[in-house]
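A short worksheet on the structure shown next.
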Amino acid sequence: MPSKQACVVVPVFNELATVERTVIDLRAHFGDVVCIDDGSVDGSGDIARAAGATVLRHAINLGQGAALQTGFDYVLRFTEAEYVVTFDADGQHRIDDAVRMLARARETGVDVVLASRFRGTTVEMPRLRGLVLRGGVWFTRLITGLHVTDTHNGLRVLSRHALSRIRLELPRMAYASELLENIVPNGLSYLEEPVTVTYTEYSRAKGQRNSNFVNILFDLAARRLRASA
Amino acid sequence: MIIKLLLIASALGLGVLMLRERIPGDKVLWRRIGGMLGVAAAVVAVLWPILTTKIANAVGVTRGADLVFYALAMSFVYYAIATSQRIHQLEHKILTLTRELALAQRTVGDGVSAAISEAEPSAE
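These protein sequences, in sequence, are chains L and D. The C-terminal position of the first sequence is numbered 235 in my numbering, with every residue numbered one higher than the one before it. The C-terminal position of the second sequence is numbered 126 in my numbering, with every residue numbered one higher than the one before it.
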């Protein structure tokens, strides 16, 4: 088995309905699928394991950012994968988008490939969600100086070099901003790829609350204050 | 007046502490010494109440009780900040342990038998 392949990292928190399908579909295209079971109580971790994924289980729920960081640590410590693909377990992402983004990373040599639903397609995205996300994009562009159009998309490709420079420490969903904030200061190259994000009744019910942006702003502000002190 | 200087300096100092991740010099020994001195001061203040008034007057506070109150307020805020930071550090330790446990107990999937190990670009 070639050791320098890509590794897919899938954070999983109570995704019983969709995790099996996601793992099976991913394994048809990627050799190494790693699920981080972030303290699920519905047995999602066991399902993922049975479906053939490598599973790392957090004994308590730490948040999606922490789950991804555990996945990153796994890749850096126990594999020789050159690329990591982060992929959500709830059915919002398309496998062919992930495959295409990985190919783009390989052909261009960039460190980070970000997915943009606003350059691509959204299927049944709730209007308010779209507004809040666009607000987040504007805010992140202001803070990071990045030319991005979708800042909270869980589908990404990261090179091993990028992994070694990124450390996700913010709680809850503020990690997305944290990840982007790590790009420019570390001199990482990036590009954006249009993708399709599909909102199902399941993922709409499960997703972040729109009001969570308040928490995210607080987390970011607190970290900046600490960093500058 | 001296008390105003002391109080403003304390408030600013606490503000700075709040921003830091780790209070410099926050060692158990200093806290214990500080605690013992606090106990001694309390005993003295109870036995010789006139003393608190004299010290208060020296720094520009009319009543001894007011001085005691100011000291209490500042001590409380310091304690709240220090405790909050210790909790923050504990949370970080828990996170680190949970991660290490997850990595140590990893179950490796049978990715070897997956159909395709190298992703191919889709025809788009």
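Beta carbons: idealized from backbone N, C-alpha and C, even for Gly.
Measuring only between beta-carbons, confirm whether Val61 of chain L sits less than 9 angstroms from chain D. Position 55 of the first sequence, counted from the start, is the residue given in the question as residue 61 of chain L. Yes, contact with chain D.
Buried versus exposed, by CB contacts within 10 Å (16 or more), Thr28 of chain L: In the first sequence, counting from the first residue as 1, residue 28 of chain L sits at position 22. Buried, by the Cβ-count rule.
Taking C-beta pairs closer than 9 angstroms, name the residues in chain L that Ala84 of chain D reaches, listed in chain order. Along the second sequence, one-based indexing puts residue 84 of chain D at 82. Those do not exist, as Ala84 of chain D stays about 15 angstroms from chain L at its closest Cβ, beyond 9 angstroms.
Name the two residues that bound the continuous beta strand (DSSP E) containing Ala121 of chain L. Here residue 121 of chain L is taken as the residue at index 115 of the first sequence, counted from 1. Where Ala121 of chain L is concerned, the enclosing beta strand (DSSP E) stretches over 118-129.
So Thr76 of chain L contacts chain D; which residues on that side make the cut at Cβ distance below 9 angstroms? Stepping through the first sequence from its first residue, residue 76 of chain L is reached at position 70. By Cβ distance, chain D contributes Thr100, Arg101, Ala104, Leu105.
Let me check one thing: in DSSP terms, what residues is Leu164 of chain L bridge-paired to? By 1-based counting over the first sequence, the position of residue 164 of chain L is 158. Its beta-bridge partners are L:Val90, L:Val118.
Mapping the DSSP letters down to three states, classify His94 of chain D as helix, strand or coil. The residue labelled residue 94 of chain D in the question sits at position 92 within the second sequence. Helix, per DSSP.
CB contact flag (Ala57 of chain L, Phe19 of chain L, <9 angstroms): Position 51 of the first sequence, counting from 1, holds the residue named residue 57 of chain L. Position 13 of the first sequence, counting from 1, holds the residue named residue 19 of chain L. In this structure, Phe19 of chain L does not lie closer than 9 angstroms to Ala57 of chain L by Cβ.
What does His64 of chain L pair with, by DSSP beta-bridge criteria? Against the first sequence, residue 64 of chain L aligns to sequence position 58. Bridge partners of His64 of chain L: L:Asp44.
Is there contact between the region 166-182 of chain L and the region 93-107 of chain L, where contact requires at least three CB pairs shorter than 8 angstroms? Judged by Cβ distances under 8 angstroms, the region 166-182 of chain L makes no contact with the region 93-107 of chain L, as fewer than three pairs qualify.
Starting from Pro17 of chain L, follow its DSSP beta bridges and name the residues at the other end. The residue you call residue 17 of chain L lines up with position 11 of the first sequence. DSSP, once it has assigned bridges, lists L:Ile42 as partnering Pro17 of chain L.
Tell me, to the nearest whole angstrom, how far the beta carbon of Arg162 of chain L is from that of Val119 of chain L; I am working on the premise that it is less than 8 angstroms. Sequence index remark: in the first sequence, residue 162 of chain L carries index 156 (1-based). Sequence index remark: in the first sequence, residue 119 of chain L carries index 113 (1-based). The Cβ separation is near 7 angstroms, so the contact holds.
Measure how close the beta-carbons of Leu103 of chain D and Ala65 of chain L come, nearest whole angstrom, since I'm counting them as under 8 angstroms. Position 101 of the second sequence holds residue 103 of chain D. Position 59 of the first sequence holds residue 65 of chain L. That pair is a contact at about 6 angstroms.
For Leu197 of chain L: DSSP bridge partner residues: Taking the first sequence and counting its residues from 1, the one referred to as residue 197 of chain L is at position 191. For Leu197 of chain L, which the question treats as bridged, DSSP gives the partners L:Val119.
Given a threshold of 16 other Cβ atoms within 10 Å of its Cβ, counted over all protein chains shown, does Ser209 of chain L qualify as buried or as exposed? Indexing the first sequence from 1 puts residue 209 of chain L at position 203. Label assigned to Ser209 of chain L: buried.
Grab me the residues of Gly126 of chain L's own chain with a C-beta within less than 6 angstroms of its C-beta, minus the 5 sequence neighbours each way, in chain order. As a first step, residue 126 of chain L is located in the first sequence; it is residue number 120 there, counting from the start. Hits under 6 angstroms: Pro200, Val201, Thr202.
Tell me whether Ser209 of chain L sits in a helix, a strand or coil according to DSSP, three-state version. Here residue 209 of chain L refers to the residue found at position 203 of the first sequence. Residue state, collapsed to three classes: helix.
Relative to the C-alpha of Gly193 of chain L, which candidate in L:Gln70, L:Ser170, L:Thr60, L:Val39 has its C-alpha closest? Within the first sequence, numbered from 1, the residue matching residue 193 of chain L stands at position 187. It is L:Ser170 whose Cα lies nearest to the Cα of Gly193 of chain L.
Could you please give me the residues that DSSP links to Val61 of chain D through a beta bridge? Within the second sequence, residue 61 of chain D is the residue found at index 59, counting from 1. In DSSP, Val61 of chain D forms no bridge with anything.
Just the chain D side, please: which residues come within less than 9 angstroms of Tyr80 of chain L by C-beta, in chain order? Counting from one through the first sequence, the residue named residue 80 of chain L turns up at place 74. By Cβ distance, chain D contributes Ala104, Leu105, Arg108.
Which stretch, first to last residue, makes up the alpha helix (DSSP H) that contains Met38 of chain D? Position 36 of the second sequence, counted from the first residue, corresponds to residue 38 of chain D. For Met38 of chain D, the enclosing alpha helix (DSSP H) covers residues 30-49.
In chain L, what lies closer than 7 angstroms to Leu97 of chain D by C-beta? Reading the second sequence from its first residue, position 95 is the one you call residue 97 of chain D. Those within 7 angstroms of Leu97 of chain D in chain L are Leu68, Ala72.
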